[in-house]
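Okay, here's the thing in structure tokens:
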């Protein structure tokens, strides 16, 4: 996994588009072995289009751009610049982002390509490093039996979380008990609510 953040800005539009291609290439992971092609077009710079070919690694191709691809993504240069300038906290679901991008074809491929742009935050990486050191020091990686906590107290749960201690929690009951809620009742009461996922 590439955890390096890209540059926040580029001097030219061409460098920005090349930066996007590099961001996609270096962030690509393909454990499912997906094979497909996505053409990425920037309407302000039609000569800078490229095709992202999924394989063991992501190949960026700039020749034979007229061939048929599985997916077509059109993204404005201002949106690409915003991706870089707001990289750490960018929300792809923001209407000002997703509303400026058009998709045709296999949306699963477009989604997979978008995930190539994601990197863990600095805070997340610091937590991973801390947990790695803690797990090594306490021998958590060599465990043959994981502690089980049946109906633990809030304090027991917080202590396990603070220590990054692997535990299995059983017998938890919501507080207060929510046995009167069903999917049908939730749908009846909140079915018209707008939800962002």
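In the working numbering, the protein residues as written are 43 to 239. Glycine included, each C-beta is placed from N, C-alpha and C at the ideal position.
Check: C-alpha gap between residue 60 and residue 192, whole angstroms; Outcome: 53 angstroms
Check: Distance, residue 146 Cα to residue 114 Cα; Outcome: 5 angstroms
Check: Through-space distance from residue 69 to residue 240, alpha-carbon basis; Outcome: Nothing in the structure corresponds to residue 240, since the chain is present only between 43 and 239.
Check: Expected contact under 8 angstroms - CB spacing of residue 57 and residue 126 to nearest Å; Outcome: Not confirmed; about 10 angstroms, so no contact.
Check: Option nearest residue 99 by Cα separation, candidates 79, 83, 106 and 117; Outcome: 79
Check: Proximity of residue 118 and residue 93 at Cβ, strictly below 9 angstroms; Outcome: no
Check: Residues of its chain near residue 143, where Cβ-Cβ distance is below 6 angstroms and the 5 sequence neighbours each way are ignored; Outcome: 117
Check: Beta-carbon proximity list for residue 163, same chain, < 7 angstroms, skipping 5 on both sides; Outcome: 130
Check: Nearest residue (CA-CA) to residue 180, options 202, 196, 104 and 198; Outcome: 202
Check: Other residues of its chain near residue 182: CB distance less than 8 angstroms, five sequence neighbours each side excluded; Outcome: 176, 206, 207 and 208
Check: Nearest to residue 111 (by Cα), restricted to the options 189, 91 and 167; Outcome: 91
Check: 6 angstroms CB neighbourhood of residue 148 in its chain, flanking five on each side removed; Outcome: 112 and 113
Check: Euclidean distance between Cα positions of residue 187 and residue 213; Outcome: 19 angstroms
Check: Buried/exposed call for residue 232, threshold 16 Cβ in 10 Å; Outcome: exposed
Check: Residue 132 beta carbon less than 9 angstroms from that of residue 139; Outcome: yes
Check: Pairwise C-alpha distance: residue 222 and residue 76; Outcome: 43 angstroms
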